[in-house]
């Protein structure tokens, strides 16, 4: 996110001395992307950030994926997945779908996570329900229903739910950003973008977070990282940090976690049905994230408000149904908490009976989060546990 912020105490010029009240030198860390060639922030630590005293394997949840073969549409019912009362926001995520570019998981939790760092890619966690905080090395994020929580790659953080939280986790193998067409050549969100910098909420309370952990030693941090030869080429390590990682007294730059609430997104509508790219909110390498919100629909007198049938020959489409009444899927078994997977090359669209029923509608009350990928998605263990086996034939049953 190319939007400069300065938080806490930093020196007047970068790469110069910063000392604390006791005269001790602060330790500067550049947290940057793409080998010094993209967004970065400078962090100033009380202690040496690279001082570790232990490294042990961390056993990740099941990362295995199974091809969607024979090819068919899928319907996953997330409310049928069982989670223990003490399920961890990180360690107990159930893998649903994935490929080499993105992995999609889900967890229901009310427990505090361990310190965690995803060294594979950025994370976008959509909060279906619940409230709490995410403590990060750059400060504290509050989260609430409808928030996208964006966590840049290798940001040390932990989830602290205040209540039962349902979290839809989109883990990239790349960085996430607003679509390029929304941005000026200098990185500002443009007038035609459906959200702007005012809608982004950055971390807060850096000083209180730092003071609260001072003196903690030998602190474990779970790290997810690349390992050849393991399922999905993904492994886990527990690194023991000599001092608590939340020791940053100040930072500045353009790389930091933030939240964007889905209600602050401005839907784009038209005289006839608008294609999904108008609903895009973020993009990563080989995939995009879109959201569909309550909105006025097409105003041509002969318009068909529900989507037309389409074959996205280059994309797999994943739709997570968050709230409301999804007009196009009436009669399919889809409901709140459902996920549909429509693989590339297969035509899909509304249930036949939903087309006539939508004629004359002026507004849709529906909320959904969509991920479109440009490589085939495979099925994780959570998909096998929650699948509706009759979904693929629902169009024929409704015809």
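In full-length UniProt numbering, the protein residues as written are 1 to 399.
Virtual Cβ for every residue (Gly too), placed ideally from N, Cα, C.
Being a predicted model, the structure only gives us computed values, none of them experimental.
- Contact annotation: residue 189 and residue 178 have beta-carbon atoms nearer than 8 Å.
- The region 25-44 and the region 257-268 do not touch, with fewer than three beta-carbon pairs separated by less than 8 Å.
- Bridge pairing for residue 14: absent [DSSP].
- Within the same chain, Cβ atoms closer than 8 Å to the Cβ of residue 101 are found at 172, 173, 174, 284, 285, 286, 287, 373, 374, 375, the five residues on either side in sequence being excluded.
- Here residue 237 carries a strand assignment [DSSP, helix/strand/coil].
- Counting only runs of 3 or more residues that sit fully inside the region 246-311, the beta strand (DSSP E) segments are 248-253, 258-261, 280-284, 287-292, in chain order.
- Between residue 257 and residue 170, the gap from beta carbon to beta carbon reaches 8 Å or more.
- By the CB criterion at 8 Å, residue 141 and residue 219 fall outside the cutoff.
- Segment contact: the region 358-367 against the region 295-303, three or more CB-CB distances shorter than 8 Å; contact assigned.
- Around the beta carbon of residue 122, 16 or more other beta carbons sit within 10 angstroms, so the residue counts as buried.
- The beta carbons of residue 371 and residue 128 sit no closer together than 8 Å.
- The distance from the Cβ of residue 144 to that of residue 131 is about 5 Å, consistent with a contact at the 8 Å cut-off.
- In chain order, 206, 249, 250 place their CB closer than 6 Å to the CB of residue 8, counting only its own chain and leaving out the 5 sequence neighbours on each side.
- Judged by pairs of C-beta atoms under 8 Å, the region 379-396 touches the region 60-76, as three or more such pairs exist.
- Assigned with DSSP and collapsed to three states, residue 206 falls in helix.
- A Cβ-Cβ distance of about 5 Å is found for the pair residue 289 and residue 281, placing them in contact under the 8 Å criterion.
- Residue pairing by DSSP places residue 63 opposite no residue, since no beta bridge is assigned to it.
- The Cβ atoms of residue 133 and residue 155 lie no closer than 8 Å to each other.
- In the structure shown, residue 68 falls within a coil segment according to DSSP collapsed to helix, strand and coil.
- In the three-state scheme derived from DSSP, where H, G and I count as helix and E and B as strand, residue 358 is classed as helix.
- DSSP places residue 151 in the strand class (E or B) of the three-state scheme.
- In the pairwise beta carbon analysis, the region 227-239 is classified as not touching the region 18-26: fewer than three pairs are separated by under 8 Å.
- Cβ-Cβ distances below 8 Å link residue 355 to 304, 306 in the same chain, with the five nearest sequence neighbours on each side left out; the list follows chain order.
- Going by DSSP, residue 323 is part of the beta strand (DSSP E) stretching over 316-324.
- One thing to note: residue 369 has its Cβ no nearer than 8 Å to the Cβ of residue 106.
- Contact between the region 186-201 and the region 209-224 is absent: fewer than 3 CB-CB pairs across the two stretches fall below 8 Å.
- Per DSSP, the unbroken beta strand (DSSP E) holding residue 32 starts and ends at 27-32.
- Shown here, residue 218 sits in a strand according to DSSP, grouped into three states.
- Within its own chain, the residues whose Cβ lies closer than 7 Å to the Cβ of residue 81, once the five positions on either side in sequence are excluded, are 94, 106, 382, 385, 386, listed in chain order.
- By the 16-neighbour rule on beta-carbons within 10 angstroms, residue 46 is buried.
- With 16 or more neighbouring CB atoms inside 10 Å of its own CB, residue 329 falls in the buried class.
- Looking at the DSSP output, residue 372 sits in a beta bridge with 288, 317.
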